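In the numbering used here, the protein residues as written are 3 to 140. Beta carbons: idealized from backbone N, C-alpha and C, even for Gly. As the structure is a computational prediction, the values presented were derived from the model and not from experiment.
Encoded structure:
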């Protein structure tokens, strides 16, 4: 094994909005509607890009009896050398980069929710799919 030429900066929490639902009823079924959005901004003159992952949980009307609403944006800078072909770079930026950012987001979101209404652990996501929406019931 050798170190990858696809590198990233330490992820930065760009935005977080967290609100407890005062109307939440713990004895009723919970349906979270979650949305994950990837945003890739590639540099035109270098082998670099900024990748942002936006996570929305319980924010829209499709969520039923969600105990909280969360909007979370995390980002990092990514760089690579010229040995990668275009298809590989696209896959790294659209699949690997958001997966890496999700790994950084997961413990932060778990910690925030555990200190209020009860721990919520983000599921693993398949970023190969073009469908950026997830619904879960608890």
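- Only residues of its own chain outside the window of five on either side were considered, and among them 51 and 52 have a CB closer than 7 angstroms to the CB of residue 43, listed in chain order.
- In this structure, residue 125 and residue 77 do not form a Cβ contact; the two beta carbons are roughly 21 angstroms apart against a cut-off of 8 angstroms.
- DSSP, reduced to helix, strand and coil, places residue 20 within a strand of the structure shown.
- For residue 34, same chain residues with a beta-carbon under 6 angstroms away, outside a window of 5 residues either side, are 59, 60, 65, 68 and 138 in chain order.
- Taking C-beta separations shorter than 8 angstroms and ignoring five residues to either side along the sequence, the partners of residue 84 in its chain run 49, following chain order.
- Beta bridge pairing from DSSP links residue 81 with 9 and 50.
- For the pair residue 45 and residue 57, the Cα-to-Cα distance works out to about 24 angstroms.
- Per DSSP, reduced to three states, the secondary structure at residue 99 is helical.
- A straight-line Cα-Cα distance of about 42 angstroms links residue 9 and residue 26.
- The beta-bridge partner set that DSSP reports for residue 58 consists of 37 and 73.
- Short of 6 angstroms from the beta carbon of residue 122, and not among the five residues preceding or following it, lie these beta carbons of its own chain, in chain order: 115.
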